Amino acid sequence: MAAAVRRIEAYPITLLRESCRLSRPNDDTCTICLSDYKAKEIIRTIPDCDHYFHADCIDKWLRLNASCPVCRNTPDQETALINHSTLSPSSSPPP
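Just so you know, we're using UniProt numbering here: the sequence shown kicks off at 1 and counts up by one.
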């Protein structure tokens with residue numbers, strides 16, 4: 001279980017800003033909780049398929065399910081470890 005948690009936490013995160021533009025502008029709702037993304041929220045991206053979700057939502061999801069909730073792709077463990085948790089260059093950690 002500890003390895004799975006480290007793998008999940010290795011997926012890239014982004015702190016949303018007021019002027020932040022998502023990679024898919026029409027995809028502004030977390031498909032897990034069905035809430036719109038808002039400034040100052042942290043989203044996590046699954047590297048293999050580039051789907052993103054609220055970090056808390058996808059963390060809980062991936063602890064129970066091994067696949068992306070949108071495309072059902074099973075994330076590659078090696079990709080996750082290579083893309084160790086980083087904030088996007090235009091993001092900064094919450095205060």
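A virtual CB, placed ideally from N, CA and C, is assigned to each residue, including glycine. Keep in mind that this is a model prediction, so the values were computed, not measured.
message: In whole angstroms, give me the CA-to-CA distance for residue 73 and residue 49.
response: Just so you know, the alpha carbons of residue 73 and residue 49 end up roughly 7 Å apart.
query: Assuming residue 42 and residue 15 make a contact with CB atoms under 8 Å, what is their CB distance in whole Å?
result: Right, the Cβ-Cβ distance comes to about 6 Å (below 8 Å), so this counts as a contact.
Backbone CA spacing between residue 51 and residue 38 [nearest angstrom]: Between residue 51 and residue 38, the C-alpha separation is close to 17 Å.
- prompt: Roughly how many angstroms separate the alpha carbons of residue 67 and residue 12, rounded to a whole number?
  reply: Residue 67 and residue 12 have their alpha carbons spaced roughly 16 Å apart.
query: In its own chain, which residues sit with a C-beta less than 6 Å from the C-beta of residue 6, not counting the 5 before and 5 after it?
result: For residue 6, where only same-chain residues beyond five positions count, there are no Cβ hits under 6 Å.
- request: Count the other CB atoms, across all protein chains shown, that sit within 10 Å of the CB of residue 22; report buried if there are 16 or more and exposed otherwise.
  value: With fewer than 16 other Cβ atoms inside 10 Å of its own Cβ, residue 22 counts as exposed.
- prompt: How many Å lie between residue 61 and residue 26 at the Cα?
  reply: Put simply, the backbone Cα of residue 61 is about 22 Å away from that of residue 26.
Length of the line joining the Cα atoms of residue 57 and residue 32: When rounded, the distance between both Cα atoms is 6 Å.
- prompt: Where does residue 64 sit, in a helix, a strand or coil, going by DSSP?
  reply: Helix.
- request: Compare the Cα-Cα distances from residue 29 to each of 59, 69 and 53 and report the closest residue.
  value: Residue 29 has its Cα closest to that of 53, out of 59, 69 and 53.
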